[in-house]
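All residue numbers for the sequence shown refer to our numbering, where the first residue is 15 and numbers rise by one. Beta carbons are placed, not taken as given, at the ideal position from N, Cα and C, and that holds for glycine.
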Amino acid sequence: MENRYARQEILQNIGNEGQQKLAKSHVIIIGCGALGTVAANNLTRTGVGKISILDRDFVELNNLQRQMLFDENDVGEPKAVAATRKLESINSEIEIIPIVKDLNHTNVEEIIKDADLVLDGTDNIQTRMLINDVCVREKIPWVYTGAIGTSGMTMNILPGAACIRCLYPSIPKPGSLPTCDTMGVLNTITVIMGSMASTEAIKILLEEAKPNNGKDSNLIVYDAWNNSFDDIIVRKNEECECCAKGNFDYLNSEDREVITSLCGRNAIQITPANTKEMNLRELASKLEHLGSIKCADFILLFKLEKYEVSVFRDGRAIIKGTNDKNVAKSIYARYIGT
Ligand SMILES: [Zn+2]
């Protein structure tokens, strides 16, 4: 039978042994937008044995300009699901796992813990700090990648070497940085950066990527419009709160809860900070005089006026009928409580 990996197995850098290593690897791609779809496509064709794809959003028409796995038929579908379907038709010999979730401090450890490598396809620094905390603590390599306008950057964060908080000690204020929504992004830069990150991922999985001087990292910055390419050494900060002192602030966030708007569904999800097993039947008996209730072992459905509330045993709730986080919070506080 013809070997689908023939062209890369004859590459000296990979070979048959390298191919087998890739087949035994598990990569998690956090965020399946422009960078994530490019990386997922590359790594699927490369034959990485297990690929998990996490994204909480749905495909929208304005994504098609740069999110290379999607087409018009996918609009309205969860990105992780649409991507998985496309990737399975490209390579049915590997395992691809869609995860339709919001990554936050309450679930990040569980999701990342058995990965050999984490690829950053997110669009915000908060999530990157969270990935950084878990990966530094659990000694899992991750590849930071970002793109905006016509330029992008990528940095490998290998266990023991300079981390993202050596580069950015703190998070800029909300709204102070431009985003792809406010500034725009060229689709070729996301393809280039997504491919650079995929190349680094392959090198890391083959144990061919090493930190500079054993502890520094390299930040690659490329501008596709000016053709400028910089390789900047990021020194390990011996005072770094994360990789030097072991303060995993983002992971140990004291935020009471995580509130997520479920894009395109007119719904808000609330995940309490300290999830604990709830007795849904007990809750149902408190609510039954207020509206219609359906209760099973794992889920309680509660209709109240124009809202539909689903409560899960871990305390998580989805409030349908609003896009307003405060309305959702108030419904949660009034009917479920904390
Ligand atoms: Zn650090």
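Distance check for Ala258 and Thr58, CA to CA, integer angstroms please. 35 Å
Can you tell me the Cβ-Cβ gap for Cys256 and Asn146, rounded? I've got them flagged as a contact below 8 Å. 6 Å
If you measure from the CB of Cys256, is any heavy atom of ligand 2 nearer than 6 Å? Ligands displayed in this structure: ligand 1; ligand 2 is not among them.
Counting C-beta neighbours from all protein chains within 10 Å, is the total for Gly189 16 or more, i.e. buried, or is it exposed? With a pLDDT of 47 at Gly189, under the threshold of 50, the modelled position of that residue is not reliable, and no figure is offered here.
Among Ile125, Phe84, Ala331, whose alpha-carbon lies nearest the alpha-carbon of Glu152? Ile125
Tell me whether Arg179 counts as near ligand 1, meaning its Cβ is closer than 6 Å to at least one heavy atom of that ligand. yes
The region 70-86 contacting the region 235-245, beta-carbon criterion three pairs below 8 Å: no
From the DSSP output, in three-state form, read off Cys309 for me. strand
Meets three-Cβ-pair contact criterion under 8 Å: the region 215-235 and the region 108-122: no
Could you please give me the residues that DSSP links to Thr159 through a beta bridge? Thr168
When Gln22, Ser66, Ser103 are compared against Asp130, the one with the closest alpha-carbon: Ser66
Which same chain residues end up closer than 6 Å to Gly163 when comparing Cβ atoms and leaving out the 5 residues on each side of it in sequence? Met197
Buried or exposed, going by whether 16 or more other CB atoms sit within 10 Å of the CB of Ile28? buried
Give a yes or no on whether the C-beta atoms belonging to Ala53 and Asp69 are separated by under 7 Å. no
Selected residue, minimal CA-CA separation from Val62, among Asn251, Leu220, Asp244, Leu297: Leu220
With which residues is Ala97 paired in a DSSP beta bridge? Ala97 is not bridged to any residue.
What's the call for Thr202, buried or exposed, on a 16-neighbour Cβ count within 10 Å? exposed
How is Ile333 classed by DSSP in three states: helix, strand or coil? strand
Taking 7 Å as the threshold (C-beta atoms), are Val157 and Leu133 in contact? yes
Cβ neighbour criterion (16 or more within 10 Å) applied to Lys250: buried
Span of the beta strand (DSSP E) holding Arg133? Position check: residue 133 holds Leu in this sequence, whereas Arg was assumed. Leu133 -> beta strand (DSSP E) spans 131-134.
Tell me the DSSP secondary structure of Tyr321 in three-state form. strand
Please list the terminal residues of the continuous beta strand (DSSP E) segment that includes Asn232. 231-237
Cβ-based neighbour list, Leu233, same chain, cut-off 7 Å, excluding 5 preceding and 5 following: Met167, Met169, Leu181, Ile246, Val248
Mapping the DSSP letters down to three states, classify Ser103 as helix, strand or coil. helix
Whole-angstrom distance between Leu83 and Pro92, CA atom to CA atom: 12 Å
What first and last residue would you give for the beta strand (DSSP E) that runs through Ser39? Segment: none, Ser39 is in no beta strand (DSSP E) and carries neither H nor E.
Is Ser267 closer than 7 Å to His119 when the C-beta atoms are compared? yes
Just how far apart, CA to CA, sit Gln22 and Cys149? 29 Å
Going by alpha carbons, who is nearest to Leu117 out of Asn56, Leu265, Lys64, Asp338? Leu265
Is Ser66 helix, strand or coil by DSSP? strand
Reference Met143, options Lys127, Cys177, Ile154, Pro155, closest by Cα: Cys177
Could you check the C-alpha separation between Ile24 and Ile216 for me, to the nearest Å? 15 Å
Quick check on this structure: which residue in Cys309, Ala223, Ala175 has the alpha carbon closest to the alpha carbon of Glu252? Ala175
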